[in-house]
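Here's the structure, in structure tokens; my notes come after.
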Amino acid sequence: MSPDQPAPTLTLAEAKAQFIQLWGVSGTSWGVSKTLAQVHALLLVSSQALSTEDIMEQLTISRGNASMTVRELIDWGLIYKELRPGERREYFVAEKDMLQVTRCIIAARKRRELDQMKRTLDQLAQLPGDPADANYQAFHTVLTDIQQLADTSDKLLTRLMRAERSWFMDKFLKLFL
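With the numbering used here applied, the sequence shown covers 85 to 261.
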């Protein structure tokens, strides 16, 4: 296609499918499974709550995969169950506020990664040794540096999770402008 030709027009269904694929591929770069990211994307762009069966059908995934993925997204706080009186099926809806989505992702990643790393570093820092030993000093120096960085990251992430939308956007934009 040459630069002076207009871009092909997509239908809404095609655009949603492309978004779901994009989010899925991007998810692997973020350290989550493609399926988890695709289910999240599907629920993000759905105007109504979807059942596990709807998710299975639209993404052509197994019931087990859909169920495990939905549970993980609930654990992350990215989706919620929607109760429907008289319905046996469970329905799910995604958090649509992208600042809240960001907070949920930060909280989950902090809990799963940074907090665990900090606990392990704290245990390793208790290693007895001779401060005059060069190997002990080098090890302890690296641990201390990483602990300081982890503590600073922890404080920053905690502040981001509590931030109001105006503060978050103002500080975030100043980083890049």
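We put the beta carbon where it would ideally sit given N, CA and C, even for glycine. Source: prediction; values computed, not measured.
1) Contact check, THR136 vs GLU174 under 8 Å by CB: the rounded distance?
2) Can you look up SER69 in the DSSP assignment and give me helix, strand or coil?
3) Would TRP107 be called buried (16 or more neighbouring beta carbons within 10 Å of its own) or exposed?
4) Taking ALA209 as the reference, which of GLN200, ASP217, VAL226, ASP199 has the closest Cα?
5) LEU127 and VAL177 - do their beta-carbons sit closer together than 9 Å?
6) Which residues bound the beta strand (DSSP E) around GLU166?
7) Under the DSSP definition of a beta bridge, which residues are partnered with TYR175?
8) What's the C-alpha gap between ARG168 and ASP229?
Short version:
1) 7 Å
2) The question about residue 69 has no answer, for the chain in this structure spans 85 to 261.
3) buried
4) VAL226
5) yes
6) 163-166
7) SER135, GLU166
8) 52 Å
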